[in-house]
Amino acid sequence: MQGHKVSLSFCLTDFVDEPTLGSFFFNRVEKYKDQICQIDGILDKSETYGSVKLRSVRVAMQLQTRGITSKDVVAFCSSNTLDNAIPIIGATYLGARVANLEPSLSVRHVRHLLSIVTPKIIFVEESVVNLIDLVVMVFSTGTAGLPKAICHSHYTLLMAASQMHQVCRPEVTFHFITFYWMTAFLTMMLCFKGGTSRVFCRGFFAHEIYKIIEKYKVTTLFTVPILTYTLTNFEHSTRYDTSTVRLVLCDGTSMDPAQIQRINTKFRNAVTCLAYGLTETGLVSMFDIEKDAELAKFNLTSSGKLAPQIQLKIADLSSDQLLGPNERGEICIASPSMMLGYYRGDCTAAFDNNRYLKTGDVGYYDEEGCLYVTDRIKEIFQYQSWHIVPLCIEAVLMEHPAVKDAAVFGIPHGKDGEVPAACVVVDRNHIVSAKDLDKFVADRVAEVEKLRDGITFMEALPKTPNGKVLRYEVRNFVMNSEKK
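Its first residue numbered 1, the sequence shown is counted upward by one per residue in UniProt numbering.
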């Protein structure tokens with residue numbers, strides 16, 4: 001691996017009680033051998049920690065006979081099953097470098113990522129064996145360009161799990177995303193940390209989700225903002241008992257406060273809050289509902305307080321000068337769970353001179369230490385020297401009853417810099433013209449925020465599997481359309 005390494009003065013033994021990720025998993029599967037480790041909510045099957053130990057050890061032994069060492073990359077491609085965690089855990093026993101792949105993305109991404117990590121062996125489920133070229137290894141999200149392979153050590157992952165466990169201690173956790181995402185991997189580690197159960201499923205259908213919540217008495221629900229609308233729009237939710245849910249944790253940077261209120265209405269005993277994290281760092285901030293439940297209820301748009309041992313600073317977008325409370329700038333992070341670097345890539349430019357990661361996210365913190373993430377630097381553009389924040393205009397578009405989804409971006413326009421434009425997905429039950437939407441926005445935004453390059457309709461916005469809009473693809477679609 002090439003690239004910059006971060007060295008921070010944190011004491012490992014203060015927070016991590018295992019020397020390696022492999023020993024973490026091995027000692028837990030032995031300690032909790034009679035307890036339920038994982039549950040397939042769709043097939044109604046479960047497995048104990050003891051069974052996980054037996055199977056993962058067998059995999060490790062088989063990998064060892066095939067010559068796998070700590071210097072080799074072992075890749076995995078699977079939807080959520082009782083089997084997909086087993087080879088991952090087994091590989092960590094050998095200290096092998098683990099890379100998780102998602103079986104649903106494009107050939108372009110697959111070829112790019114496989115060329116980066118060049119795994120020695122790949123585990124795939126039977127249904128995708130013949131589609132091996134379509135497997136995607138994602139480390140960064142790829143919302144602003146091709147993803148980068150982000151590397152973590154035993155220590156950084158153990159620390160990330162420890163940080164998460166200090167602010168989130170679920171009894172029965174339910175999640176939908178695969179190990180393609182850092183959140184899913186840390187969720188598994190979080191459950192191993194406390195010997196609790198992890199429920200998963202394939203696909204996302206409201207009636208199945210509610211059924212699983214009731215059946216397995218889920219206490220913590222991990223989701224992303226876009227999927228919460230499926231839950232809140234489900235008309236028959238009252239048929240199911242969701243009283244055991246105490247926390248609905250949305251992995252994302254921003255969310256409509258009205259939607260958070262709707263979630264709280266569906267899950268009356270739960271606190272709904274945002275969590276902010278990065279593939280490079282793991283968890284950055286969230287509310288500890290055992291300590292800050294009231295604070296979370298009154299700060300709906302906040303991503304919570306900093307996780308233990310996280311250091312943050314807000315830097316001015318132009319001068320890099322440090323900013324104070326309620327001043328917006330780039331969020332910069334130092335953390336003991338920081339990545340080692342990019343696999344076969346230089347990450348020097350990702351850090352400032354003080355070894356803080358420049359996240360590319362814009363935000364601020366208030367007097368109570370609550371963090372707010374408002375936008376992405378790469379998504380902010382300038383029109384006539386004015387900084388235009390796409391999320392602000394998108395929020396206005398989403399207020400229109402006919403708008404199902406929207407993305408705002410800048411189109412190059414000579415001396416003016418970039419002029420605002422939008423792509424909109426219209427709800428099939430409504431009819432609306434671009435002219436009507438343009439006027440709707442113009443009546444509600446500043447003069448410089450008007451959609452001067454117009455509105456383009458799309459059937460659906462291109463997104464990552466967890467619902468983040470691929471804004472650069474939308475922008476390219478509009479620009480290519482204008483050329484024709």
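Ideal placement from N, C-alpha and C gives every residue a C-beta, glycine not left out.
Looking only at C-alpha atoms, which of the options sits nearest to residue i?
i, options, result
"His152", "Asp83, Val98, Leu437 and Thr232", "Val98"
"Tyr343", "Ile116, Arg55 and Gln309", "Ile116"
"Val424", "Asp416, Lys415, Pro412 and Leu437", "Leu437"
"Ile393", "Arg444, Lys415 and Val474", "Arg444"
"Thr92", "Gly67, Glu102 and Ser56", "Ser56"
"Ala406", "Ser162, Ala60 and Glu459", "Glu459"
"Ile177", "Phe222, Met189, Gln163 and Ile212", "Phe222"
"Arg475", "Ser433, Glu449, Gly410 and Phe457", "Gly410"
"Leu397", "Tyr365, Phe440, Asp427 and Met189", "Phe440"
"residue 487", "Ile377, Pro325 and Ile310", "Residue 487 is absent from the structure shown; the chain starts at 1 and stops at 484."
"Tyr383", "Ala349, Ala446 and Ile455", "Ala446"
"Phe200", "Ile89, Ile213 and Lys193", "Ile213"
"Lys120", "Tyr155, Val74 and Ala96", "Val74"
"Cys347", "His430, Ile150 and Gln64", "Ile150"
"Leu371", "Met286, Leu340, Gly341 and Ser335", "Met286"
"Phe298", "Leu317, Leu283, Leu274 and Gln321", "Leu274"
"Ser79", "Val124, Gly363 and Ile289", "Val124"
"Thr228", "Gly203, Ile263, Tyr240 and Lys215", "Ile263"
"Glu473", "Ala422, Gly454, Val426 and Ile431", "Ala422"
"Val362", "Phe351, Thr183, Ala315 and Val167", "Ala315"
"Cys191", "His207, Phe174, Arg202 and Ala206", "Phe174"
"Asp83", "Ser104, His112, Thr48 and Gly67", "Thr48"
"Tyr210", "Ala96, Gly194, Val224 and Thr230", "Thr230"
"Glu449", "Leu470, His430, Phe477 and Asp416", "Asp416"
"Ser162", "Pro170, Ala184 and Lys193", "Lys193"
"Arg246", "Arg239, Phe267 and Ile39", "Phe267"
"residue 557", "Leu317, Gly345, Leu312 and Ser337", "It is not possible to answer for residue 557, since the shown part of the chain is limited to 1 through 484."
"residue 527", "Pro325, Val167, Val426 and Arg239", "Examination of residue 527 is not possible in this model, given that the chain is present from 1 through 484 alone."
"Ser433", "Pro412, Phe457, Glu418 and Gln261", "Phe457"
Write down the C-beta distance between residue i and residue j rounded to the nearest angstrom, noting that I regard them as a contact closer than 8 Å.
i, j, result
"Phe76", "Phe179", "7 Å"
"Ile331", "Val373", "7 Å"
"Thr220", "Leu186", "The Cβ separation is near 13 Å, so there is no contact."
"Val271", "Lys217", "At roughly 17 Å, the Cβ-Cβ gap does not stay under 8 Å, so Val271 and Lys217 are not in contact."
"Ser70", "Leu94", "7 Å"
"residue 501", "Met164", "This structure cannot settle anything about residue 501, because the visible part of the chain is limited to 1 through 484."
"Leu451", "Pro420", "5 Å"
"Asp375", "Leu391", "5 Å"
"Ala147", "Leu113", "Per the sequence presented here, residue 147 reads as Pro, with Ala not at that position. With 8 Å as the limit, Pro147 and Leu113 qualify as a contact, their Cβ atoms being about 7 Å apart."
"Ile88", "Val52", "Wrong, their Cβ atoms sit about 11 Å apart, outside the cutoff."
"Asp241", "Gly277", "That pair is no contact at about 30 Å."
"Ile380", "His387", "6 Å"
"Met188", "Arg198", "6 Å"
"Leu317", "Ile333", "At roughly 16 Å, the Cβ-Cβ gap does not stay under 8 Å, so Leu317 and Ile333 are not in contact."
Tell me where the beta strand (DSSP E) around residue i begins and ends.
i, result
"Tyr229", "No beta strand (DSSP E) contains Tyr229, which is instead part of the alpha helix (DSSP H) from Pro225 to Thr232."
"Leu312", "Gln311 to Ala315"
"Cys347", "No beta strand (DSSP E) contains Cys347, which DSSP labels as neither H nor E."
"Tyr365", "Leu357 to Tyr365"
"Gly329", "Gly329 to Ala334"
"Val124", "Ile121 to Val124"
"Ile455", "Ile455 to Phe457"
Could you tell me the boundaries of the alpha helix (DSSP H) in which residue i lies?
i, result
"Asp292", "Ile289 to Phe298"
"Phe381", "Run containing Phe381: none in the alpha helix (DSSP H); it sits in the beta strand (DSSP E), Phe381 to Tyr383."
"Tyr216", "Ala206 to Tyr216"
"Gly324", "It is not in any alpha helix (DSSP H) - Gly324 carries neither H nor E in the DSSP assignment."
"Ala184", "Met182 to Gly194"
"Phe440", "Ala434 to Ala442"
List the DSSP bridge partners of residue i.
i, result
"Arg97", "Val73"
"Ser237", "DSSP, once it has assigned bridges, lists no residue as partnering Ser237."
"Gly341", "Cys151"
"Glu473", "In the DSSP output, where bridge partners are listed per residue, Glu473 has none listed."
"Pro412", "Glu418"
"Lys305", "Met286"
"His175", "Phe200"
"Cys168", "Bridge partners of Cys168: none, in fact."
"Leu247", "Thr220 and Val271"
"Lys463", "Val469"
"Val426", "Val403"
Minimum length 4: unbroken alpha helix (DSSP H) runs contained in the stretch 13-53: DSSP runs (the alpha helix (DSSP H)) wholly in the stretch 13-53: 21-31.
Whole runs of the beta strand (DSSP E) within the stretch 258-291, excluding any shorter than 3 residues: Taking only runs of at least 3 residues, the beta strand (DSSP E) segments lying wholly in the stretch 258-291 are 271-278 and 282-286.
Those runs of the beta strand (DSSP E) which lie wholly inside the stretch 370-407 and span at least 3 residues: Those beta strand (DSSP E) runs which fall completely within the stretch 370-407 and span 3+ residues are 371-376, 381-383 and 386-388.
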